[in-house]
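*Asks:* Residue numbers (this note's numbering), protein chains in the order written: chain A, 1 to 212; chain B, 1001 to 1212.
Protein chains: 2
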Amino acid sequence: MSAAAPRSPRRSSGRPRGADSTARREEILATAAQLFSAEGYRGTSMSGVARACGMSQTGLVHYFPTKDDLLQAVMDRRDEIDTAQVRAPAEGRPRGWEFLESLVDLVRHNQGQPGIVRLFTTMAGEAVDPGHPANTWLRRHHRVTADQIRAALAEAAEDGRLAGDAPVGSIVRTVIAAMDGLQIQWLSDPGCPDMAEDFAVLVDALRRRWGG
Amino acid sequence: MSAAAPRSPRRSSGRPRGADSTARREEILATAAQLFSAEGYRGTSMSGVARACGMSQTGLVHYFPTKDDLLQAVMDRRDEIDTAQVRAPAEGRPRGWEFLESLVDLVRHNQGQPGIVRLFTTMAGEAVDPGHPANTWLRRHHRVTADQIRAALAEAAEDGRLAGDAPVGSIVRTVIAAMDGLQIQWLSDPGCPDMAEDFAVLVDALRRRWGG
DNA sequence: CCTACCGATCGGTAGG
DNA sequence: CCTACCGATCGGTAGG
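#1: Could you check the C-alpha separation between residue 1081(B) and residue 1031(B) for me, to the nearest Å?
#2: What alpha helix (DSSP H) runs, 4 residues minimum, are completely inside the segment 1067 to 1114 of chain B?
#3: Could you work out which residues of chain A lie near residue 1135(B), taking near to mean beta carbons separated by less than 7 angstroms?
#4: Give the DSSP-derived three-state secondary structure of residue 215(A) in the structure shown.
#5: Mind checking if residue 208(A) is an interface residue toward chain B, Cβ cutoff 7 angstroms exclusive?
#6: Please list the partners that residue 81(A) has in chain B, where partner means a Cβ-to-Cβ separation under 8 angstroms.
#7: Going by the beta-carbon positions, is the gap between residue 206(A) and residue 1163(B) smaller than 7 angstroms?
#8: Counting contacts by CB-CB distance shorter than 7 angstroms, is residue 1173(B) in contact with chain A?
#9: Would you call the segment 1053 to 1070 of chain B and the segment 1095 to 1103 of chain B in contact, with 3 or more CB pairs under 8 angstroms?
#10: List the residues of chain B whose Cβ lies closer than 8 angstroms to the Cβ of residue 127(A), in chain order.
#11: Pick from 212(A), 195(A), 167(A), 208(A): whose alpha carbon is nearest that of residue 105(A)?
#12: List the residues of chain B whose Cβ lies closer than 9 angstroms to the Cβ of residue 149(A), in chain order.
#13: Leaving out five residues on either side along the sequence, give the residues of the same chain with a beta carbon under 8 angstroms from the beta carbon of residue 1187(B).
#14: Less than 7 angstroms between the beta carbons of residue 1051(B) and residue 42(A), yes or no?
#15: For a test of the three-state rule: what should DSSP assign to residue 1131(B), helix, strand or coil?
#16: So that I know if they touch, is there some Cβ in chain B lying closer than 7 angstroms to that of residue 163(A)?
#17: If you compare alpha carbons, which of 103(A), 71(A), 126(A), 49(A) is closest to residue 178(A)?
#18: Please report the distance separating the alpha-carbon of residue 1143(B) from that of residue 23(A).
#19: Around the Cβ of residue 133(A), are there at least 16 other Cβ atoms within 10 angstroms (buried) or fewer (exposed)?
#20: Just to confirm, is the Cβ distance from residue 1212(B) to residue 1160(B) under 7 angstroms?
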């Protein structure tokens, strides 16, 4: 309507610069991960993410059409990094109980990544609701972790290193629960000591009780 | 200040009915607990709580001047009920490892109270942030629970039922972590089995490892 | 029909 | 406890 509308299409009228879209996506994912971890999904706004990236809200929507799309991309990226961390250290991952003990290293590694830990804990708290957009992610994350631990215990059994009456399901769920729960205490209390040491105590107790 | 201030306290001029204020408070606390557990603190609005109680938002503000006040009252009430549950079953609470085993009953009891479990888990997820209004509650809740478990382990030590080199702090934190973490899995996955059984497996393993 | 955004604004709701 | 509002911001979409 205004006569001041830009009429020189060959100048820097429309978009500012032809920034690389892959780099932009990465920047958005990193920024969104930080905001989701600090404020939760519900507490984070698309315009807030856009502002933190130095772009407009509509520019953000170009990359991620909905808030849900952005969330899925952020959590998928988190799991990619995480999976790489669990599998990579040794080329073939540790066998049997040694895999459980290698999770102690993962917990120790996580202590250097408070942002990642915070993202997981904050999202898990919201996503327990079956209607939450991250519920599917949360359950898949737990299922994948459970499958890995279960496979390791099956190897232990093959090697004669697991009691025949060991409650495998309970062991799996308790190990995952301890990792999740220790993160809550560690994040909420700045004076909370080493998570890895606590977790090692659990693995040791379980192995002594049901290991061969 | 205003000249329109209600001057006829005997008529039904201002407020609709002289509802009992204590009953109203209880109703608000129960309703708010439900909404906080479903939507989180950030996802719950004062006007939403008011609507669910069939009152106006300003009416609600009369009872709880700020959203923070409402939150504190809800969480304090939750802990009151919870503490009564832990202490009451036996008149004097179980001694030593038996207290740890009595926590299995608490976990079993919680399975009949999904609303309470959900409130705790949702709030814990948000409140890991030191700037969150429920952070103080979360840390106090964990500290009180930790003190109880530590006291029980001290009794076990007195009775010669605890190894001298037992890592008491790690045991305490791991037990709490397992309770918190099992709730996440149990809430998020409708097909998840008995939390109490899983938790009992942990207590058994810890007792066999460090019990006398 | 594409990428990479812009300034402006929609109807509705937040805590107070 | 009510009506009547505030400054701001929500997720999402319009045309260009």
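Every residue gets a Cβ at the ideal spot worked out from N, C-alpha and C, and that includes glycine.
Since we're looking at a predicted model, the values are computed, not measured.
*Replies:* The answer reads as follows:
#1: Position 81 of the second sequence, counted from the first residue, corresponds to residue 1081(B). Position 31 of the second sequence, counted from the first residue, corresponds to residue 1031(B). Between residue 1081(B) and residue 1031(B), the C-alpha separation is close to 16 angstroms.
#2: 1067 to 1087, 1097 to 1110
#3: Position 135 of the second sequence holds residue 1135(B). Per Cβ cutoff of 7 angstroms: 188.
#4: Any answer about residue 215(A) is impossible in this case: the structure gives chain A only from 1 up to 212.
#5: Taking the first sequence and counting its residues from 1, one reaches residue 208(A) at position 208. Chain B, which has a Cβ nearer than 7 angstroms to the Cβ of residue 208(A), makes this yes.
#6: Counting from one through the first sequence, the residue named residue 81(A) turns up at place 81. Within 8 angstroms Cβ-Cβ: nothing; residue 81(A) doesn't reach chain B, min ~20 angstroms.
#7: Taking the first sequence and counting its residues from 1, the one referred to as residue 206(A) is at position 206. Taking the second sequence and counting its residues from 1, the one referred to as residue 1163(B) is at position 163. Result no, Cβ atoms of residue 206(A) and residue 1163(B) do not sit closer than 7 angstroms.
#8: The sequence position of residue 1173(B) within the second sequence is 173, counting from 1. It does: the Cβ of residue 1173(B) has a partner Cβ on chain A nearer than 7 angstroms.
#9: no
#10: Position 127 of the first sequence holds residue 127(A). By Cβ distance, chain B contributes 1188.
#11: On the first sequence, position 105 is the one that residue 105(A) refers to. That would be 195(A), whose Cα lies nearest to the Cα of residue 105(A).
#12: Here residue 149(A) refers to the residue found at position 149 of the first sequence. Those within 9 angstroms of residue 149(A) in chain B number zero; the least Cβ separation is about 13 angstroms.
#13: Here the question's residue 1187(B) lines up with position 187 in the second sequence. Closer than 8 angstroms at the Cβ level, and outside the excluded window around residue 1187(B), lie 1114, 1117, 1118, 1121.
#14: Working through the second sequence from its first residue, we reach residue 1051(B) at position 51. Working through the first sequence from its first residue, we reach residue 42(A) at position 42. It is not a contact, given that the beta carbons lie outside the stated cut-off.
#15: Taking the second sequence and counting its residues from 1, the one referred to as residue 1131(B) is at position 131. Three-state result, residue 1131(B): coil.
#16: Here residue 163(A) refers to the residue found at position 163 when the first sequence is read from its first residue. It does not; no Cβ of chain B falls within 7 angstroms.
#17: For this step, residue 178(A) is matched to residue 178 along the first sequence. Comparing Cα positions, the closest option is 103(A).
#18: Here residue 1143(B) is taken as the residue at index 143 of the second sequence, counted from 1. Here residue 23(A) is taken as the residue at index 23 of the first sequence, counted from 1. Computed Cα separation, rounded: 44 angstroms.
#19: Counting from 1 along the first sequence, the entry for residue 133(A) is found at position 133. When all chains shown are included, residue 133(A) counts as buried.
#20: Residue numbering aside, residue 1212(B) sits at position 212 when the second sequence is read from its first letter. Residue numbering aside, residue 1160(B) sits at position 160 when the second sequence is read from its first letter. A contact, by the Cβ cut-off of 7 angstroms.
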